[in-house]
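One line per chain: the protein sequences are A and B, in this order. Counting from 1 along the first sequence, just add 13 to a position and that's the residue number in the numbering used here. Counting from 1 along the second sequence, just add 13 to a position and that's the residue number in the numbering used here.
2 protein chains.
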Amino acid sequence: MTTLPVLQDACCAPITEEALTADQAAVLSARLKALAEPARLRLISLLAAAPDGERCVCDLTAPLGLSQPTVSHHLGVLHKAGLVTREKRGTWAYYAVVPEALASLAAVLTPAARS
Amino acid sequence: MTTLPVLQDACCAPITEEALTADQAAVLSARLKALAEPARLRLISLLAAAPDGERCVCDLTAPLGLSQPTVSHHLGVLHKAGLVTREKRGTWAYYAVVPEALASLAAVLTPAARS
DNA sequence: GCACTACATCGATGGCTGTCAATAGTGACA
DNA sequence: TGTCACTATTGACAGCCATCGATGTAGTGC
Numbered sequence: 014m015t016t017l018p019v020l021q022d023a024c025c026a027p028i029t030e031e032a033l034t035a036d037q038a039a040v041l042s043a044r045l046k047a048l049a050e051p052a053r054l055r056l057i058s059l060l061a062a063a064p065d066g067e068r069c070v071c072d073l074t075a076p077l078g079l080s081q082p083t084v085s086h087h088l089g090v091l092h093k094a095g096l097v098t099r100e101k102r103g104t105w106a107y108y109a110v111v112p113e114a115l116a117s118l119a120a121v122l123t124p125a126a127r128s
Numbered sequence: 014m015t016t017l018p019v020l021q022d023a024c025c026a027p028i029t030e031e032a033l034t035a036d037q038a039a040v041l042s043a044r045l046k047a048l049a050e051p052a053r054l055r056l057i058s059l060l061a062a063a064p065d066g067e068r069c070v071c072d073l074t075a076p077l078g079l080s081q082p083t084v085s086h087h088l089g090v091l092h093k094a095g096l097v098t099r100e101k102r103g104t105w106a107y108y109a110v111v112p113e114a115l116a117s118l119a120a121v122l123t124p125a126a127r128s
């Protein structure tokens, strides 16, 4: 299983610029789906709010009130979408957000500057 | 059935600012889910790319290759999420994007300005 | 080696959702 | 009034997915 089924860089011009092709829509949709879950949104915000910008899985299960397998699953989805990075240090796995990935998504959603 | 189950304005600070509550995450998730579908992304871009910024349902089924009920369903989802407006003129229903809604989503995703 | 901890994976399950055919509602027009 | 065109709703079905318990894997320390 590869770790980057979804490309990191922008897939297309801002969504309001010109009509999306089916392929572009599929790529964008895959990234947004990775984000469009309450648990994953909270995970992202928890990671970003951490002092060092990273956290291990064991620190994330309690605030979410979800089981460890479920949290691990959500982090895997975010990782495959390129929204977070994973670094194993000893027994722990530390996750951190990829700000550029979020910025890229935001850029696609930003409407073209109109009066 | 109300037309605005999802509020129009921003639900929270940028996602990377501070940890989301469960409620905030649910609201944000609902809006992102409305967007995270290839068909709906293409609908949004088709609407935005229209000369007048609006289009009737009959003009949208062909480019998407979906049946009329399905397109109507997707437009309904976007409408309930506050991402598009609907205006019935005679027999036709004209849909248009709400730029502010997209901008609000983009703002939440935009990482806090960091060096 | 053995026990313990942290994390990932597997299998199952219940709920959600995208899709269509069929149907209903509504405005236009003769 | 009757007919036609456009749109929304309903019902049904298939596929996806969030969740959990159980299990596997790997690192740590005794």
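For glycine and all other residues, C-beta sits at the position ideal for the given N, C-alpha and C.
From the listed residues B/Val111, B/Arg99, B/Gly103, B/Gly95, the smallest Cα separation to B/Val40 is found for B/Gly95.
Relative to the Cα of B/Gly78, the nearest Cα in the group A/Ile28, A/Thr34, A/Leu115, A/Gly66 belongs to A/Thr34. Short of 7 Å from the beta carbon of B/Cys69, and not among the five residues preceding or following it, lie these beta carbons of its own chain, in chain order: Trp105, Ala106, Tyr107. B/Thr98 and A/Asp72 have their alpha carbons spaced roughly 42 Å apart. At a Cβ-Cβ threshold of 7 Å, B/Leu88 and B/Ala47 do not count as neighbours. If the five residues before and after A/Thr123 are omitted, its C-beta is found closer than 7 Å to the C-beta atoms of Pro27, all from its own chain and listed in chain order. For A/Glu50, the C-beta contacts it makes with chain B under 7 Å involve Ser42, in order along the chain. Counting along the chain, A/Ala109 sits inside the beta strand (DSSP E) bounded by residues 105-110. Nearest Cα to A/Thr83 within the set A/Ile57, A/Arg53, A/Ala61: A/Arg53. Per DSSP, reduced to three states, the secondary structure at B/Thr98 is strand. Cα atoms of B/Ser85 and A/Glu100: separation of roughly 45 Å, rounded to the nearest angstrom. Here B/Ala114 is not near B/Leu60, since their CB atoms are 7 Å or more apart. Residue-level contact check: A/Lys93 does not touch chain B, since none of the beta carbons of chain B fall below 7 Å from its beta carbon.
Linking B/Leu56 to B/Thr74 through their CA atoms gives a straight-line distance of about 9 Å.
According to the DSSP assignment, A/Cys69 belongs to the beta strand (DSSP E) that extends over 67-69.
If you draw a straight line from the Cα of A/Ala119 to the Cα of A/Gln81, it is about 30 Å long. For A/Arg68, the closest Cβ of chain B is not nearer than 7 Å. For A/Asp72, there is no enclosing alpha helix (DSSP H), since its DSSP letter is neither H nor E.
Between A/Ala38 and B/Pro76, the C-beta spacing is not below 7 Å. At least one CB of chain B lies nearer than 7 Å to the CB of A/Lys46. Inter-residue distance for B/Ala32 and B/Lys93 is about 27 Å (C-alpha atoms, whole angstroms).
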